[in-house]
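To start, the structure itself, in structure tokens.
Number of protein chains: 6
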Amino acid sequence: MLEANLDDQTGEALGYVMQLLLDAGALDVYFTPIQMKKNRPATKLSVLAPSTARERFTQLILRHTSTIGVRYQTWQRTIMQRHFETVTTKYGAVQVKVATYGDIVKRTPEYADCARLAQQKNKPLMMIYQAVLQQLD
Amino acid sequence: MLEANLDDQTGEALGYVMQLLLDAGALDVYFTPIQMKKNRPATKLSVLAPSTARERFTQLILRHTSTIGVRYQTWQRTIMQRHFETVTTKYGAVQVKVATYGDIVKRTPEYADCARLAQQKNKPLMMIYQAVLQQLD
Amino acid sequence: MLEANLDDQTGEALGYVMQLLLDAGALDVYFTPIQMKKNRPATKLSVLAPSTARERFTQLILRHTSTIGVRYQTWQRTIMQRHFETVTTKYGAVQVKVATYGDIVKRTPEYADCARLAQQKNKPLMMIYQAVLQQLD
Amino acid sequence: MLEANLDDQTGEALGYVMQLLLDAGALDVYFTPIQMKKNRPATKLSVLAPSTARERFTQLILRHTSTIGVRYQTWQRTIMQRHFETVTTKYGAVQVKVATYGDIVKRTPEYADCARLAQQKNKPLMMIYQAVLQQLD
Amino acid sequence: MLEANLDDQTGEALGYVMQLLLDAGALDVYFTPIQMKKNRPATKLSVLAPSTARERFTQLILRHTSTIGVRYQTWQRTIMQRHFETVTTKYGAVQVKVATYGDIVKRTPEYADCARLAQQKNKPLMMIYQAVLQQLD
Amino acid sequence: MLEANLDDQTGEALGYVMQLLLDAGALDVYFTPIQMKKNRPATKLSVLAPSTARERFTQLILRHTSTIGVRYQTWQRTIMQRHFETVTTKYGAVQVKVATYGDIVKRTPEYADCARLAQQKNKPLMMIYQAVLQQLD
Numbered sequence: 025m026l027e028a029n030l031d032d033q034t035g036e037a038l039g040y041v042m043q044l045l046l047d048a049g050a051l052d053v054y055f056t057p058i059q060m061k062k063n064r065p066a067t068k069l070s071v072l073a074p075s076t077a078r079e080r081f082t083q084l085i086l087r088h089t090s091t092i093g094v095r096y097q098t099w100q101r102t103i104m105q106r107h108f109e110t111v112t113t114k115y116g117a118v119q120v121k122v123a124t125y126g127d128i129v130k131r132t133p134e135y136a137d138c139a140r141l142a143q144q145k146n147k148p149l150m151m152i153y154q155a156v157l158q159q160l161d
Numbered sequence: 025m026l027e028a029n030l031d032d033q034t035g036e037a038l039g040y041v042m043q044l045l046l047d048a049g050a051l052d053v054y055f056t057p058i059q060m061k062k063n064r065p066a067t068k069l070s071v072l073a074p075s076t077a078r079e080r081f082t083q084l085i086l087r088h089t090s091t092i093g094v095r096y097q098t099w100q101r102t103i104m105q106r107h108f109e110t111v112t113t114k115y116g117a118v119q120v121k122v123a124t125y126g127d128i129v130k131r132t133p134e135y136a137d138c139a140r141l142a143q144q145k146n147k148p149l150m151m152i153y154q155a156v157l158q159q160l161d
Numbered sequence: 025m026l027e028a029n030l031d032d033q034t035g036e037a038l039g040y041v042m043q044l045l046l047d048a049g050a051l052d053v054y055f056t057p058i059q060m061k062k063n064r065p066a067t068k069l070s071v072l073a074p075s076t077a078r079e080r081f082t083q084l085i086l087r088h089t090s091t092i093g094v095r096y097q098t099w100q101r102t103i104m105q106r107h108f109e110t111v112t113t114k115y116g117a118v119q120v121k122v123a124t125y126g127d128i129v130k131r132t133p134e135y136a137d138c139a140r141l142a143q144q145k146n147k148p149l150m151m152i153y154q155a156v157l158q159q160l161d
Numbered sequence: 025m026l027e028a029n030l031d032d033q034t035g036e037a038l039g040y041v042m043q044l045l046l047d048a049g050a051l052d053v054y055f056t057p058i059q060m061k062k063n064r065p066a067t068k069l070s071v072l073a074p075s076t077a078r079e080r081f082t083q084l085i086l087r088h089t090s091t092i093g094v095r096y097q098t099w100q101r102t103i104m105q106r107h108f109e110t111v112t113t114k115y116g117a118v119q120v121k122v123a124t125y126g127d128i129v130k131r132t133p134e135y136a137d138c139a140r141l142a143q144q145k146n147k148p149l150m151m152i153y154q155a156v157l158q159q160l161d
Numbered sequence: 025m026l027e028a029n030l031d032d033q034t035g036e037a038l039g040y041v042m043q044l045l046l047d048a049g050a051l052d053v054y055f056t057p058i059q060m061k062k063n064r065p066a067t068k069l070s071v072l073a074p075s076t077a078r079e080r081f082t083q084l085i086l087r088h089t090s091t092i093g094v095r096y097q098t099w100q101r102t103i104m105q106r107h108f109e110t111v112t113t114k115y116g117a118v119q120v121k122v123a124t125y126g127d128i129v130k131r132t133p134e135y136a137d138c139a140r141l142a143q144q145k146n147k148p149l150m151m152i153y154q155a156v157l158q159q160l161d
Numbered sequence: 025m026l027e028a029n030l031d032d033q034t035g036e037a038l039g040y041v042m043q044l045l046l047d048a049g050a051l052d053v054y055f056t057p058i059q060m061k062k063n064r065p066a067t068k069l070s071v072l073a074p075s076t077a078r079e080r081f082t083q084l085i086l087r088h089t090s091t092i093g094v095r096y097q098t099w100q101r102t103i104m105q106r107h108f109e110t111v112t113t114k115y116g117a118v119q120v121k122v123a124t125y126g127d128i129v130k131r132t133p134e135y136a137d138c139a140r141l142a143q144q145k146n147k148p149l150m151m152i153y154q155a156v157l158q159q160l161d
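Top line first, the protein sequences correspond to chains A, B, C, D, E and F.
Count along the first sequence starting at 1, add 24, and that's the number in my numbering.
Count along the second sequence starting at 1, add 24, and that's the number in my numbering.
Count along the third sequence starting at 1, add 24, and that's the number in my numbering.
Count along the fourth sequence starting at 1, add 24, and that's the number in my numbering.
Count along the fifth sequence starting at 1, add 24, and that's the number in my numbering.
Count along the sixth sequence starting at 1, add 24, and that's the number in my numbering.
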């Protein structure tokens, strides 16, 4: 995990940087609103990336944001195993992510598929989700 | 109440603007973290000022921030009546704000007085507050 | 809608006040994190209540919080019509809220029923939700 | 301004709704993190739209989000007059928005133009901004 | 400390999970508002638990939330020593937590006792606190 | 990095503590809005300080805030090398921070200098920044 506190960069530029870091292969990028000295509303940038890519992401952050420093630290992760199944609804086919860990099993309709169908069929996103869930047992 | 959403200004500049608006006589100025389009973390600036000063504060906001628009609206306020009493503690004298509304009475030690004593006596701020509260009955 | 900015009250006391206002019949109570002058992290308290109850809620806020002023303003609301249906799942019966507005119809499992079943059956809340959604057509 | 508090919708679905409302012509859409009863982290959806489009946006919000109610209120706005100028930098041409109000004049490089050049030339966004600002006098 | 970023779970379900994790013996559970990709407002779940209970809390989080991964890391803690004293006020008895570390001593009225008295006596919570503080020397 | 979650301290007192910790030599101090159990809006205090000063900052936090515990952890940092250059604008001289790391070079006008000139010349802060940027090549 790499982090930087940014109080001298605009939100406009930060939105640009989020996309740039995702395109560069970050596992996750997120912003947290923080409050810094001298009454400054600011944003904490957090980037999850493999340790082996740390120097590369450090350089991207230093190059594309206003910060002059990046702090980092290693976190461990427990990740469920995943595979995909296809579910067919009256609106069309949707991939469902099946995640397992020991006896825990979770099925989640893929957002991108549901959003695509919602737009094609001009239906609320929730209606598509619900249709997928009804096909799961 | 005047408001503007700011996604193209730095936190550094916003801290500067807060002080500038307070110095110009705003009743209150506060920031709310918001999230705007295109993944932009942003800040909503809110300024409480008398209606009669609205044009003056609109100009200050347009001149000193990056926004090109200010929205505004009138709110009513119910304010408690206030007077001050002096309370003497072993650390020194502190003003206490006494606020009343119908049968409601609240006494609040003045922050600035407590902070000053805390620094002079090198004591935690809470210890000064507590000493003042013990003098109230 | 009544609002107050609070920078001189603890979170502990604010949690207490939220419950107190809900018990007193507020339609909704919510907190927004804000940033006030002098580097103070603060909380905006918002209370939705009928206009006819405004004075009563003003007094509750003045009595139970540290603020010395409450601001207020009237908002209009468009509310969907609602009725309840009962859906029976393999885990038990759950009320479903049916909300309609023109041709818009939404069905939402009641949180409290799902939470109760989740605890009784020792199942994840999401599994109960999903079971209810599968019964809707 | 239309608003709804959402505690029974996922962030994934809310990101979808933001884009949908912008595509439908909203002047602005933003999210504010709030805290609702029963320990629920929630999101306030705010939509700025002309009064004449209020019913249309109310229906969009009711149809595409989980809320069963929308509240609304009219705000006035003071907007600076705007026109565009083209500035040529060593990286390429960029539109600059010129906003005026009385004697206040502000020039802001267009984000989209700068972002496009940043990607084409593989330069930091800030470097493009800076190059544009240097051409202004 | 265990953490997970949640953009595909409702606030309603998160409130449920907070209580479930506290009931399961977590030392602390808190939410932080964050902003994830694709314009998604999201919530970071943080759970403080002893290292020895890590696997158990990982399973609870994976089972009861929508996340497919949990990250974790060890933090050290410095904790003040604590004991309780009873203080008697005109409203009734209240436990006071006395925390010490080297020469630092802090006395804090127990929230639960004050809240109970506030309700029994129909007095503002702050008035009870103040009555307790006045008994401390 | 030292952290503490605070739900029993006012924003007023937290603003005081931020300044106190900065005056004591903290590298950075910031607040994050969080949500704790029992519907409490709260604030996470984060303090960046050298490991060698950890015990000193732990004591300051325990003494001056309401927390009874501080958690801490070591982060690594990558910091750009910095030196200062003076730039002369039509409004006066401003220090510019030049930060370098490998082939990355960033120039940032010093906030304090710009703010001072903005007040002396009664000009918007952004106009001063822009004037400085135009002198850079």
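C-beta: ideal position from N, C-alpha, C; glycine also.
Beta carbon proximity, residue i to chain F, threshold 8 Å
i	result
D:Asn29	no
A:Gln97	yes
Residue-chain proximity (residue i, chain D), Cβ-Cβ < 8 Å
i	result
F:Leu38	no
C:Leu26	no
B:Arg131	no
Residue i to residue j span [Cα, whole Å]
i	j	result
A:Tyr125	C:Lys145	21 Å
B:Pro148	B:Leu84	38 Å
C:Met104	D:Gln59	23 Å
F:Arg87	E:Arg106	15 Å
F:Asp32	B:Leu38	28 Å
D:Val41	A:Glu134	16 Å
A:Thr132	F:Ile92	41 Å
C:Arg101	D:Gln97	9 Å
C:Thr110	C:Leu160	10 Å
B:Lys62	F:Lys121	30 Å
D:Leu1	F:Thr67	Nothing about residue 1 of chain D can be reported from this structure: the residues present for chain D run from 25 to 161 only.
F:Pro65	E:Gln154	21 Å
A:Val129	D:Val53	36 Å
F:Phe55	A:Asp127	39 Å
Option nearest residue i by Cα separation, candidates the options
i	options	result
B:Ala142	B:Pro133, B:Ile152 and B:Thr67	B:Ile152
A:Ala50	A:Met25, A:Thr56, A:Gln97 and A:Lys147	A:Met25
A:Phe81	A:Val129, A:Asp47 and A:Phe108	A:Asp47
E:Gln44	E:Thr89, E:Thr76 and E:Trp99	Going by the sequence as given, residue 44 of chain E is Leu instead of Gln. Nearest of E:Thr89, E:Thr76 and E:Trp99 to E:Leu44, Cα basis: E:Thr89.
C:Ala136	E:Asn29, E:Val118, E:Glu36 and E:Val129	E:Glu36
A:Lys114	A:Glu27, A:Cys138, A:Pro74 and A:Leu30	A:Cys138
Under 9 Å from the C-beta of residue i: neighbouring residues of chain G
i	result
D:Arg87	Judged by its chain identifiers, the structure shown contains no chain G, and its protein chains are A, B, C, D, E and F.
Proximity test, Cβ basis, 8 Å: residue i and chain E
i	result
A:Tyr153	no
D:Pro57	yes
Partners in chain A for residue i, counting only beta-carbon separations shorter than 8 Å
i	result
C:Lys181	Coverage of chain C is limited to positions 25 through 161, which leaves residue 181 of chain C absent and any answer about it impossible.
Residue i: contacting residues in chain B (beta-carbon distance under 9 Å)
i	result
A:Gln43	Lys62 and Asn63
Within chain D, partners of residue i - CB distance below 8 Å
i	result
F:Leu72	Correct list: empty, because the minimum Cβ distance to chain D is about 24 Å.
B:Arg80	Here the premise fails: no neighbours, minimum Cβ distance about 12 Å.
Min CB distance residue i to chain C below 8 Å
i	result
F:Thr164	The structure shown does not extend to residue 164 of chain F, since chain F is modelled only from 25 through 161, so no value can be given for it.
D:Asp137	no
Proximal chain E residues relative to residue i, where beta-carbon distance stays under 8 Å
i	result
B:Leu157	Gln154, Leu157 and Gln158
F:Gln83	Tyr125, Gly126 and Ile128
Neighbour flag for residue i against chain B, beta carbons, 8 Å
i	result
C:Tyr54	no
D:Arg106	yes
Chain B residues whose Cβ lies nearer than 7 Å to that of residue i
i	result
C:Ser75	Going along chain B, no residue has its Cβ under 7 Å from C:Ser75, so there is no contact; the nearest lies around 11 Å.
A:Thr34	Asp31, Asp32, Gln33 and Thr34
Beta-carbon neighbours of residue i, restricted to chain E and to distances below 7 Å
i	result
A:Leu141	Near A:Leu141 there are no residues of chain E at all, since even the closest Cβ is about 17 Å away, more than 7 Å.
Within-8 Å CB hit, residue i to chain A
i	result
F:Thr91	no
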